[in-house]
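Below you can see the structure in the form of structure tokens.
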């Protein structure tokens, strides 16, 4: 945590402690600390190039930090591989959807659901001829319910190759949720979605937080959505954490407003005027 | 010592010219020319045809070859094929240039005749003039090699540094997109680059032919040496490429002073030098960068508009939504079963010569399944699977003939023995980019060919080790069914793998390593190594069967060049379809028989040319012929079906209400770009 910034008081499900990432002479993240409490939605905002996606890569294990630590439920996972972090309950989506192009929408969720129950099947299925067995009803029920909640049922058997960006984001979200993570990193989930689809995503996220107690760390350019959804927000600028606090505090913070000069600053004002609660009601 | 150094510098100069040709095309146009060896062979053969067969003097023959035919060849191939490769994924790019590699040598044989050439002339008149320098002898051919390299380096430097053309080329190399926006015509520059590269390839071939031999295999060896220098320079730095190539030449000759002249070990060590250089370069990159990936060229705009390397042969990025059927009796499954049934009755309805060819086709089908596993399931291009087949063959023959084991047991055990080699190679190349996997496995194949397949224990003075068939499968008909049975077992195994969690996981890893690890929690290395092991096992098994089919395990039948032809055949038919390997096997075995039987003798090389062209055609049809035909039938069936849904291809946009979206509309577009915009 940067000096002078208050942290959430609850124990963290996911925490970054003094994370620094350097690319040669460029510092993408500079001594960044943040924490995500259980069953909370925490926002991470900042202008383009602020280091948000780099921090996500560090948190999910795709990139090693130059300095600092990452903890899941208090345990140091800085040196753990991404797959080890998944087994500890970490899930994520990507800024540019990372789809498995040869699989159908349903298969994206099926593979995540099966691997949640153990990676042993990856090896066992070869010997047991499971490829020719019908799928289990439990698996189908879980996947169908998730498809239904995301509004993807009608395209469940379609290939993801030709889906528009908005639907890809929903499939990616479904895949992440099928893995039943305890903490979920969402990288710009509303980018490319229209208003109705964004509202759908907000509703789904609220539901999973309430029903499953999932913690969410949300990177998002849509400031209104962040203000509506998040209980606590961190602001990055040029790799440095410049502010953190409740949405109201962030809106009023002069450093944040300076970083968001121009259109984003106006959007902050707009978000402040309309109020987060009102926005969320409109969307719901 | 000086004599060795001077001779080594001449060899190094030839390597350097070859490596310069490969580097310049990769850096300028983004295409690594796997067909370089064939360019060199084709043009050297042209020079031989003019000079030796038609009596042209050296200078006119060389000028005609290097300043007329070579530029025309480079310009023609760029205009009709190579320019299209820039916009296709890397794997398809590699396979298409391999298609060219396969097609060009037989084309040269068709054009110029297929007689055996024992000695090829260089550019010096015979008898060759020699010079005495510092008490040692330097031949005119060596002087010519030094002179050409020095001339190319000086001319290249002047051209790139001090001329307007050089400025345009450097602009194109830095960022193709911005260069285009600045008024530089990439097509003109690229065609110029390919013209120069073709001239350099021809020059390399003519200079090298007297020492490496005027054969496709000799030129493939030369290409391997050039690739070693190119790899050491990470495919980009021309000065490093030239220096490494010169050093390789010097080391190759100097080391011979300290080794016994007549020992087979000496030959093995000398021929291994390019592979040692490659291995050292890979090790260095591994330690220095943690992975051996392709270095992206160009600027940020180039990266933004670059074709994503997702699509692979057999995996067309379709422009329309596709409903994926998981029914056991899908159209594709029924079609496959019908084709398999027809294939299964073939041994009953043909006899004699044709039955022998059909049996061979089934055996090739087993081997080709290893390509389907590696490329179709694993998504990586191994250019050395023929080496695993060869290893399976020679080991099985040792067990069966020398140790007296039952033939089938010998083949099975040999395949098991080969498998750890595949696992090791898989582990070593796990962190390699697609291009480097192809290069590393090509190098491995040539190394096995050089070090293992030349051992007299396996070669037996060129006749190989006998490999008997099982007593009940002596005849071609039972043997055909033995091969078909093995094919069917592996095909069912492959189908199970594809439909199971393993297949889903492999699909995931193939398309997005980041999402596979950080969302699904998959271990990428384990899955890749699994596929490597399976591919090596199947290749070893197929190799043993092929030896059984031939009656002899002859290592020379498993040259890396032949493996590339095998690859070309399979990708032409289809690399993802389970029946494609057996169809490809039958084509590979039966089509040349048809040509030999029903067409004039000179047409014997035509099938190989067609296979090469088929691989080139992958650019247009990445799914292969089987899938294309299946799609035609599928479309036809859907058109004939009453009340068929509207054709999505004809529809700009289809708005489909999706249930549960709270009134939201889902747009399924005929083009992903349109949909995303």
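Residue numbers (our numbering), protein chains in the order written: chain S, 430 to 713; chain W, 580 to 1256.
From the three backbone atoms N, C-alpha and C, an ideal C-beta is built for every residue, glycine too.
Residues that residue i contacts on chain W, provided the C-beta gap is smaller than 9 Å
| i | result |
| --- | --- |
| residue 656/S | Going along chain W, no residue has its Cβ under 9 Å from residue 656/S, so there is no contact; the nearest lies around 21 Å. |
| residue 608/S | 1098, 1099 and 1100 |
| residue 444/S | None at all; the shortest Cβ gap to chain W is about 18 Å. |
| residue 508/S | Simply none; closest approach about 14 Å. |
Closer than 9 Å at the beta carbon, the chain S residues around residue i
| i | result |
| --- | --- |
| residue 1090/W | 527, 528, 529, 530, 531 and 532 |
| residue 1082/W | 554 and 560 |
DSSP three-state assignment for residue i, whether helix, strand or coil
| i | result |
| --- | --- |
| residue 460/S | strand |
| residue 665/W | coil |
| residue 1207/W | helix |
| residue 711/W | strand |
| residue 673/S | strand |
| residue 446/S | strand |
| residue 666/S | strand |
| residue 857/W | helix |
| residue 1033/W | coil |
| residue 452/S | strand |
| residue 596/W | helix |
| residue 634/W | coil |
| residue 589/W | helix |
| residue 682/S | coil |
| residue 517/S | coil |
| residue 651/S | coil |
| residue 794/W | coil |
| residue 505/S | strand |
| residue 1011/W | strand |
Assigned exposure category for residue i - 16 Cβ within 10 Å defines buried
| i | result |
| --- | --- |
| residue 608/S | buried |
| residue 850/W | buried |
| residue 627/S | buried |
| residue 455/S | exposed |
| residue 630/W | buried |
| residue 581/W | exposed |
| residue 1211/W | exposed |
| residue 1011/W | buried |
| residue 441/S | buried |
| residue 619/S | buried |
| residue 1179/W | exposed |
| residue 645/S | buried |
Under 7 Å from the C-beta of residue i: neighbouring residues of chain S
| i | result |
| --- | --- |
| residue 1100/W | 512, 515, 516, 544 and 548 |
| residue 1074/W | 560 |
Pick from the options that is closest to residue i, judged by C-alpha positions
| i | options | result |
| --- | --- | --- |
| residue 490/S | 666/S, 590/S, 529/S and 444/S | 444/S |
| residue 825/W | 1180/W, 1078/W, 1169/W and 598/W | 598/W |
| residue 771/W | 661/W, 837/W and 962/W | 661/W |
| residue 1070/W | 955/W, 1200/W and 830/W | 955/W |
| residue 1048/W | 1146/W, 984/W and 697/W | 984/W |
| residue 688/S | 460/S, 467/S, 670/S and 666/S | 666/S |
| residue 685/W | 1215/W, 1206/W and 1182/W | 1182/W |
| residue 968/W | 991/W, 651/W and 980/W | 991/W |
| residue 453/S | 476/S, 594/S and 495/S | 495/S |
| residue 569/S | 557/S, 558/S and 582/S | 582/S |
| residue 751/W | 839/W, 721/W and 606/W | 606/W |
| residue 1117/W | 735/W, 1073/W, 744/W and 781/W | 1073/W |
| residue 1112/W | 655/W, 637/W and 999/W | 999/W |
| residue 476/S | 677/S, 663/S and 547/S | 663/S |
Residue i: contacting residues in chain S (beta-carbon distance under 8 Å)
| i | result |
| --- | --- |
| residue 867/W | By Cβ distance, chain S contributes nothing, its closest Cβ being about 14 Å from residue 867/W, past 8 Å. |
| residue 1087/W | 529, 532 and 540 |
Cross-chain neighbours of residue i in chain W, by beta carbon under 8 Å
| i | result |
| --- | --- |
| residue 719/S | The question about residue 719/S has no answer, for chain S in this structure spans 430 to 713. |
| residue 497/S | Chain W residues near residue 497/S: none, gap ~18 Å exceeds 8 Å. |
| residue 667/S | Under the 8 Å cutoff, chain W gives no residues; its nearest Cβ is about 19 Å from residue 667/S. |
Proximal chain W residues relative to residue i, where beta-carbon distance stays under 7 Å
| i | result |
| --- | --- |
| residue 536/S | 1083 |
| residue 520/S | 1098 |
Name the residues in the segment 556-577 of chain S whose C-beta lies less than 8 Å from a C-beta of chain W; which are they? Residues 558, 559, 560, 561 and 577.
Name, going along the chain, the residues of the segment 464-495 of chain S whose beta-carbon falls closer than 9 Å to a beta-carbon of chain W. Per Cβ criterion, the list reads 486, 489, 490 and 491.
Which residues, taken in chain order from the segment 1052-1079 of chain W, show a beta carbon closer than 9 Å to some beta carbon of chain S? Within the segment 1052-1079 of chain W, those residues whose Cβ lies closer than 9 Å to any Cβ of chain S are, in chain order, 1071, 1072, 1074, 1075, 1076, 1077, 1078 and 1079.
At a CB distance below 9 Å, what residues from the segment 673-689 of chain S approach chain W? Give them in sequence order. The segment 673-689 of chain S vs chain W, Cβ under 9 Å: nothing.
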